[in-house]
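This report refers to the structure that appears directly beneath it.
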Amino acid sequence: DVKVTQSSRYLVKRTGEKVFLECVQDMDHENMFWYRQDPGLGLRLIYFSYDVKMKEKGDIPEGYSVSREKKERFSLILESASTNQTSMYLCASSPTFEKPGQTSYEQYFGPGTRLTVT
Amino acid sequence: GQQVMQIPQYQHVQEGEDFTTYCNSSTTLSNIQWYKQRPGGHPVFLIQLVKSGEVKKQKRLTFQFGEAKKNSSLHITATQTTDVGTYFCAGLVDSSYKLIFGSGTRLLVRP
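Respectively, the protein sequence lines represent chains A and B. Per the working numbering, residue 1 is the first one in the first sequence, and the count goes up by one each step. Per the working numbering, residue 1001 is the first one in the second sequence, and the count goes up by one each step.
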């Protein structure tokens, strides 16, 4: 089974702090994603990475950065946390195009980190 | 920008009743995926539809992809309490890595 783990289930930080959210997957997936989930808004893509050291902005990258130094690990960084970044953060991974026996683009999600910024 | 609209936002049904959620995209999709998120859980992949007009079934769940590949639906026959959760559609655009998620439909089932 694919396993995606996130460093914390719950996190409370103060405004202005630098926050690191870590995500690790054990299935050798090329693609990794960071989403935030807010009521009524679904999942919104913050950043994604399709290879080590490669990253692409998603729909809401402002106030965030990412790092992918190793294939299995994708970090989300809040440079200076603000109260409007209070949210559930979900990491996901997926294999790349057309691998035998795998459904293309299916994403596997981690358990999520509920971040509260006070 | 590209959007996937999903309705309804909530649906509260009596156990045994049917349920349907609909997704509509502003652009043509390469494929559409459906996910289920149980309360307190994370989204879990259910199915992927790729072909125009495609219909797939998983037990009591029926998934459809529109002829124009811009809309999709999930229908649950005779809901059970285990169906409770939020159902998301997610469209893939232009064979990119980027899924665009609908806002989700939260299903509540009265026993």
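For glycine and all other residues, C-beta sits at the position ideal for the given N, C-alpha and C.
Residue pairing for Ala-92(A): DSSP places it in a beta bridge opposite Phe-33(A) and Phe-109(A).
Closest by C-alpha distance to Ile-1100(B), out of Val-19(A), Gly-42(A) and Thr-86(A), is Gly-42(A). Here the alpha carbon of Thr-1027(B) sits roughly 22 Å from the alpha carbon of Tyr-35(A).
Using a 10 angstroms sphere on the CB of Gly-1040(B), the tally of other CB atoms stays under 16, which defines it as exposed.
With fewer than three CB-CB distances shorter than 8 Å, the stretch 73–89 of chain A does not count as touching the stretch 1058–1068 of chain B. Close to Gln-1011(B), with beta-carbon spacing below 8 Å, lies no residue of chain A; the smallest spacing is near 15 Å.
For Asp-51(A), the uninterrupted beta strand (DSSP E) run begins and ends at 42–51, by DSSP. The beta carbon of Asn-1031(B) sits closer than 9 Å to some beta carbon of chain A. Comparing alpha-carbon positions, the option among Ser-1025(B), Gly-1102(B) and Val-1109(B) lying closest to Thr-1082(B) turns out to be Val-1109(B). His-1075(B) has Thr-1020(B) and Thr-1062(B) as its beta-bridge partners, per DSSP. The alpha-carbon separation between Lys-1051(B) and Gly-1102(B) amounts to approximately 20 Å. Across the stretch 1047–1068 of chain B, CB contacts with chain A closer than 8 Å involve Gln-1048, in sequence order along the chain. At a cut-off of 9 Å, the C-beta of Pro-111(A) has a neighbouring C-beta in chain B.
Gly-112(A) has its alpha-carbon roughly 5 Å from the corresponding atom of Leu-90(A). Rounded to the nearest angstrom, the Cβ distance from Ser-87(A) to Gln-37(A) is 7 Å, consistent with a contact under 8 Å. The bridge partners DSSP lists for Met-27(A) come to none. The alpha-carbon separation between Gln-1064(B) and Tyr-1087(B) amounts to approximately 14 Å. If you draw a straight line from the Cα of Glu-1017(B) to the Cα of Thr-1079(B), it is about 6 Å long.
At the C-beta level, Phe-1045(B) and Tyr-108(A) come within 9 Å of one another. The three-state secondary structure of Thr-1081(B), taken from DSSP, is helix.
Lys-1070(B) has a beta carbon lying at 9 Å or more from every beta carbon in chain A. Between Thr-118(A) and Leu-11(A), the gap from beta carbon to beta carbon reaches 9 Å or more.
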